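Trainee:
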Amino acid sequence: MSNPRCVFNAASALRRVFLAPIEHPPTQFTRSPHFSPIQRRTVFKATSNVVPEQRLPRDDDILAPFLRLKNAEQKLEPPLITMGEPGEAPIARIIDKKEAHLQKKAQKKGKNPASVVKTIEMNWAIEKNDLGHRLGKIRDFLEKGNKVEVLLAGKKKGRKATMEEAEEVVRRIREFVEEVEGAKEGRKMEGKIGAQAILCFEGRVAPTTKKGGGKEDVKIQGS
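Okay, so the sequence shown: first residue is 65 according to the numbering used here, each after it adds one.
1. Note down the Cα distance separating Asn-187 from Lys-219, rounded to an integer number of angstroms.
2. In angstroms, rounded to a whole number, what distance separates the CA positions of Leu-199 and Ile-237?
3. Give a yes or no on contact between the region 160-171 and the region 192-207, applying the rule of three or more CB pairs nearer than 8 Å.
4. Mapping the DSSP letters down to three states, classify Cys-264 as helix, strand or coil.
5. Could you say which of Lys-211, Asp-194, Val-180 lies nearest to Val-241 if we only look at CA atoms?
6. In chain order, what residues of the same chain lie with their CB nearer than 8 Å to the CB of Gly-250, ignoring the 5 residues before and after it?
7. If I measure Cβ to Cβ from Asn-193 and keep anything under 7 Å in the same chain, skipping five residues before and after, which residues do I get?
8. Grouping DSSP H, G and I as helix and E and B as strand, with all else coil, what is Arg-237?
9. Would you mind working out which of Glu-243, Val-233, Val-244 sits nearest Ala-261, comparing C-alpha positions?
10. I'd like the ranges of any alpha helix (DSSP H) spanning at least 4 consecutive residues and lying wholly in the region 175-218.
11. What three-state label does DSSP hand Lys-57 in the structure shown?
12. Judging by CA-CA distance, which residue of His-165, Ala-164, Glu-207, Lys-182 is the nearest neighbour of Glu-243?
13. At which residues does the beta strand (DSSP E) containing Lys-248 begin and terminate?
14. Please state the DSSP three-state secondary structure of Ala-230.
15. Am I right that Ala-217 and Ile-257 are in contact with their C-beta atoms under 8 Å? What's the rounded C-beta distance?
16. Apart from the five residues on each side of it in sequence, which residues of its chain come closer than 6 Å, Cβ to Cβ, to Leu-127?
17. Report yes if the C-beta distance between Lys-59 and Ala-189 is below 8 Å; otherwise report no.
18. How would you label Leu-166, buried or exposed, when you count the other beta carbons within 10 angstroms and need 16 or more for buried?
19. Which of the three DSSP states, helix, strand or coil, is assigned to Ala-259?
20. For a test of the three-state rule: what should DSSP assign to Leu-166, helix, strand or coil?
21. Please identify the residue among Pro-129, Gly-246, Lys-161, Glu-213 whose C-alpha is closest to the C-alpha of Lys-252.
22. Contact defined as beta carbons within less than 8 Å: I believe Phe-205 pairs with Lys-221. What is the distance between those atoms, to the nearest angstrom?
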């Protein structure tokens, strides 16, 4: 009895393995992706042109360090003056600008000349003509009863004075002040000759003893 012929052979098996994927390519999906309702809302919100509400800053939105107040009549109050050390809560005081100006004017009018300090700067290598000009300024201030501080120092650029020249400048200043009536050296010289030094002089005492005054600097650069 003969065996039935097998309908499958090696050639058909190889055909199934290698040619089937080519004959039946995978299906291409051209369908647009699907967005869920939440995704659609997110896209709409990102591209929205809604203008936010506009209003003046208030409470914590106010970033200005100083403010001016409005009173009950909707008028601006005078400027505030803040006083206090760093790190401490400042104490504010409302002042009248007109009254403060009048007080300052009256104080300036009755200023005691002896309380005014004039400052003159000189270079150790100052020329003789320039030194004479500054000595004249010192005399004018001392005759008015002012105090004078002479700051002596070397210049970063330019000729450096010798020790003999620096000592001569100090000697001439002191001799000149001695010739001004009523003037004297207020205290011992501070600093070092040839480096930095401060000479302090006092003018003749005025007969009046009114209160008030302040410090006024007149800086005259030495050459």
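The beta carbon of each residue, even a glycine, is placed where N, CA and C say it ideally should be.
This structure is a prediction, so every number in the text was calculated from the model and none was measured.
Mentor: The relevant details are as follows:
1. The residue given as residue 187 occupies position 123 in the sequence shown. The residue given as residue 219 occupies position 155 in the sequence shown. Roughly 7 Å separates the two Cα atoms.
2. Working through the sequence shown from its first residue, we reach residue 199 at position 135. Working through the sequence shown from its first residue, we reach residue 237 at position 173. Cα to Cα, the separation comes out at about 7 Å.
3. no
4. What you label residue 264 is simply residue 200 of the sequence shown in a count that begins at 1. DSSP places Cys-264 in strand when its eight states are reduced to three.
5. One-based indexing of the sequence shown puts residue 241 at position 177. The option with the nearest alpha carbon to Val-241 is Lys-211.
6. Position 186 of the sequence shown holds residue 250. Here the set comprises Lys-211, Cys-264, Phe-265, Glu-266.
7. For the purposes of this step, residue 193 is taken as the residue at position 129 of the sequence shown. Nothing listed; no residue qualifies.
8. Looking up residue 237 in the sequence shown gives position 173. In the sequence under discussion, the amino acid at residue 237 is Ile, which differs from the Arg named in the question. It is helical.
9. Reading the sequence shown from its first residue, position 197 is the one you call residue 261. Minimum Cα distance to Ala-261 is reached at Val-233.
10. 192-207
11. The question about residue 57 has no answer here: the residues shown for the chain are numbered 65 through 287.
12. To locate residue 243, count along the sequence shown from 1; it is residue 179. Looking at the Cα atoms, Glu-207 is the closest of the given residues.
13. If you number the sequence shown from 1, residue 248 lands on position 184. Note, Lys-248: beta strand (DSSP E), 248-255.
14. One-based indexing of the sequence shown puts residue 230 at position 166. The answer is helix: DSSP assigns Ala-230 an H, G or I state.
15. Taking the sequence shown and counting its residues from 1, one reaches residue 217 at position 153. Taking the sequence shown and counting its residues from 1, one reaches residue 257 at position 193. Going by Cβ atoms, the distance from Ala-217 to Ile-257 rounds to 11 Å, so no, they are not a contact pair.
16. Here residue 127 is taken as the residue at index 63 of the sequence shown, counted from 1. There are no such residues.
17. With the chain covering only 65 through 287, there is no way to say anything about residue 59.
18. As a first step, residue 166 must be located in the sequence shown, where it is residue number 102. Leu-166 should be labelled exposed.
19. Mapped onto the sequence shown, residue 259 falls at position 195. In this structure, Ala-259 counts as coil in the three-state DSSP scheme.
20. For the purposes of this step, residue 166 is taken as the residue at position 102 of the sequence shown. Three-state DSSP puts Leu-166 in a helix.
21. On the sequence shown, position 188 is the one that residue 252 refers to. The candidate whose alpha carbon is nearest that of Lys-252 is Glu-213.
22. Numbered from 1 along the sequence shown, position 141 holds the residue referred to as residue 205. Numbered from 1 along the sequence shown, position 157 holds the residue referred to as residue 221. Contact doesn't hold; Cβ gap of about 29 Å is too wide.
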